[in-house]
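Chains as they are written, first to last, in my numbering: chain F, 13 to 158; chain Y, 198 to 419; chain P, 3 to 313.
Don't be surprised by glycine CBs; every beta carbon is placed ideally from N, CA and C.
Only a predicted model underlies this, so the values are computations on that prediction, with no experimental measurement involved.
Working notes, beginning with the structure itself.
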Amino acid sequence: MTKKYPLRIVAFTCFNCAYAAADLAGSMRLSYHPAVSIVGIPCTGAVEPAVILNAFEQGVDGVFVAGCLDGECHYKTGNLHARERVRQLRGDLERIGLEPERLEMYQLSAAMGSRFAELVNEFVERIYGLGPSPVRPGLDCGERKK
Amino acid sequence: MIVAEQKPFKEIVECLRGKYDLLIVPCMSCTAVCFAGGSQQGEELASALRIHCKMHGDGLNCTVRSLNRQCDPEFIEELAEEAAKADSILSLACGVGVQFLAERYPDKAVIPALNTRFAGGKTAPGIWEERCSLCGNCVLHVTGGICPITRCAKGLLNGPCGGSEQGVCEIDPDVPCAWQMIIDRMSTLGRLDELLAIQRPKDWSTGNAGGLRRLVREDLRG
Amino acid sequence: MSGRSKLQQVLENGGFAVTCEIGPPKGAAVDALREKVRFVRDYVHAANVTDCQTAVVRLSSIAAAVHLQGEGVEAVAQMTCRDRNRIAMQSDLLGAYSLGIRNLLCLTGDHQRFGNHPQARNVFDLDSVQLVDMVRAMQDEGVFQCGEPIRAGVPQFFLGAVENPFADPFEYRVLRLEKKINAGARFIQTQSVFDLERFRRFMELVRAKNLHRRCYILPGVSPVRSVRAVEYMRDRVPGITIPDQIVQRMRSAADPAQEGVEIGLELIAGLREIEGVAGIHIMAIAWEQVIPELVERAGLMRSGYPHIHKK
């Protein structure tokens, strides 16, 4: 049941690829959900698990990390490390009691503006499906998925 | 170094039932080196616990305060102020640190976040292996630098036993036979004939079967 | 209660000794045990009783040995290092001697992981070499392991150990055998031989160091009853090597049990021809009934030396 509710999503995007793609999407006047807060960073390899956990702690409904395609990372293997970290963190989320699907890793190139818009909308649909984060007390969230 | 690993998250949560003001104490020594109890792990654990507790409506205040080591009263003293405000302390040190904390702050619930495993070292990225049983009576000079007490499943001093096959221990195909390794090493050193000498029964009283061990250095007592 | 054991006498008089192994029951009832003994007693010089073999709890070796002797066969008590410290070992040995046991086989012992109590703590206060040495010092020097004199009766066992020519490292096995002989072992029983060629090579190395003159070597023979039995031995029993050829023979045999006996007889015949072999040790696990046939057909009844212990 995809009831709409006030949504908060944080996206960590690397300057070289994903952030540039987001920028391109803007130039192409492509539409994607406005609730995504885009954080630009030099490389997704710099995203520490503690930062992602912190976001969930503050009640964010979904987090995604977007980096370069395999072999295209400006810092060689930052994107690979990020992917592995996201994978492990999803396991941790499950152990803590949160749905691992609230965290995702995407890979794309700077030229893929339409792909950026597409993945944002895909992710937003998924998060609506999961319901608001159970870590956000005191808010009118409608139907919560247990 | 001492190698430890984090307890399952559920187990830690269970220990904290009924607690509201938690002081998390990472250790910047051995447990940081094996990525079980360092500052980073402490911060992640704090976040995870807060998330879990917010979800279950309990609420939990978590403060994180790292110490260089927890096996020295000097460092533990630094926690006094934070400890006073807490009702519980979660230590990310080895069993030694947990006990020192508990002794200094006896009115707080002191909880181990880790299971202390063994004294060992890193053999490959992400892999640590036991190397020393702390027997107090080292024979490494006799066995070419390979410890038979720790690495032989039966702790033989005149090995190998009849279960050694193709250099592998009978208990586990992934465990090399320590005595095969000792024989190979001593052969390389040209000292194989030394192994003909019968090694006498070990004095186990210097190990932990002899009871609590204590070392006193009169020259350092100040 | 002094004097040489019968096994010792047979070997020292130059006879070809036949021993067998009997597994004690997994309980306190000894009727079946006594039955097994009655079956084999006319065909062997002595019978070993295992000590919680493969770390499975069974009636104790020493107690079983006493039952054996009550039924008229001389026993060889076995003692491993896995379950007892030096205090319990010496105590049990004094008790065994006082109850009439005269032969002792010292072993390291299979790791508890193989048995039915894998969570048990193992002991290994001593290893098998140290155990042999300790018993030798008890009987030759009359002292306990700590050096204190034994004032209330010194035990005298015919002392044995085991060696496994099929474990690795191959060459080192002979050095280890020498160590055990230096420590005081007077007889050696080996793990079951299936690979005659490898055993012949082992004996070559043994003879090169003159060890066969210092110690009586009795290779082990295990007649196998079924394909399952031979595969179990190959895969699950530590320290046993079985050539594929033998497994194949068992698989393609019309009557596997009979084939097992034939293989056993061939092995015995082959072993008797090797210089330095002083006897054989038959380990017919869960098949003690085959021992009389094996001993008779191997021609070991007609060797013309005192053989059958008549009550």
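- Going by DSSP, Y118(F) is part of no alpha helix (DSSP H) but of the beta strand (DSSP E) stretching over 115-119.
- Bridge partners of E327(Y) according to DSSP: G317(Y).
- Look at A245(Y): its C-beta is under 8 Å from a C-beta on chain F.
- The closest CA to that of M285(P), considering only A31(P), P27(P), T52(P), is found on T52(P).
- In the three-state reduction of the DSSP assignment, M303(P) falls in the helix class.
- As summarised for the region 223-273 of chain Y, the continuous beta strand (DSSP E) elements at least 3 residues long and confined to that stretch are 258-261, given in chain order.
- Against chain Y, the CB of A62(F) has a partner CB under 8 Å away; the residue lies at that interface.
- Assigned with DSSP and collapsed to three states, P112(F) falls in helix.
- With three or more CB-CB distances shorter than 8 Å, the region 296-315 of chain Y counts as touching the region 271-280 of chain Y.
- Cβ-Cβ distances below 6 Å link A98(P) to I64, A79 in the same chain, with the five nearest sequence neighbours on each side left out; the list follows chain order.
- Taking a contact as a CB-CB distance under 8 Å, the pair V136(F) and I21(F) counts as one, their CB atoms being some 7 Å apart.
- Here the C-alpha atom of S288(Y) lies approximately 29 Å from the C-alpha atom of V72(F).
- Excluding five sequence positions before and after F272(Y), the CB atoms of its chain that fall closer than 7 Å to its own CB belong to L264, N265, R266, given in chain order.
- Close partners of R95(F) in chain Y (Cβ separation under 9 Å) are lacking, with about 17 Å as the shortest Cβ gap.
- Taking 7 Å as the upper bound on Cβ-Cβ separation, chain Y lies near residues P240, G241 of the region 230-255 of chain P.
- Inside the region 33-96 of chain P, DSSP marks whole alpha helix (DSSP H) runs of 4 or more residues at positions 33-42, 63-72, from first to last along the chain.
- Looking from the CA of P270(Y), the closest CA among L331(Y), V293(Y), S285(Y) belongs to V293(Y).
- Among the residues facing chain Y, D129(P) is included, as its CB has a counterpart in that chain under 8 Å away.
- Here E367(Y) has G360 as same chain residues with Cβ atoms under 6 Å from its own Cβ, once five neighbours each way along the sequence are excluded.
- Between P221(P) and H283(P), the CB-CB gap stays under 8 Å.
- Interface criterion not met: the Cβ of N28(F) is under 8 Å from no Cβ in chain Y.
- Here the alpha carbons of P46(F) and N66(F) stand approximately 22 Å from one another.
- Nearest to H86(F) by alpha-carbon distance, out of K16(F), Y17(F), A30(F), L19(F), is A30(F).
- DSSP places G364(Y) in the coil class of the three-state scheme, outside both helix and strand.
- Taking the Cβ atoms as the reference, F315(Y) lies roughly 6 Å from V200(Y), within the contact range of under 8 Å.
- For the pair A23(F) and I50(F), the CB atoms are nearer than the 8 Å cut-off.
- Among the CB atoms of chain P, one or more fall inside 8 Å of the CB of L354(Y).
- Collapsing the DSSP output to three states places A67(F) in a helix.
- Only residues of its own chain outside the window of five on either side were considered, and among them V51, A77, A79, I103 have a CB closer than 6 Å to the CB of A67(P), listed in chain order.
- Straight-line measurement puts the Cα of E96(F) at about 11 Å from the Cα of T89(F).
- Residue pairing by DSSP places V75(F) opposite V22(F), L115(F) in a beta bridge.
- Counting C-beta atoms within 10 angstroms of its own C-beta, H338(Y) has fewer than 16 neighbours from the protein chains shown and is therefore classed as exposed.
- Of the candidates D112(P), V46(P), P26(P), V46(P) places its Cα closest to the Cα of G74(P).
- Listed along the chain, the chain Y residues whose CB falls inside 9 Å of the CB of P112(F) amount to none; the nearest CB is some 13 Å away.
- The beta carbons of E290(P) and F41(P) sit about 6 Å from each other, so the pair counts as a contact at 8 Å.
- By the criterion of at least three beta-carbon pairs nearer than 8 Å, the region 167-174 of chain P is in contact with the region 196-206 of chain P.
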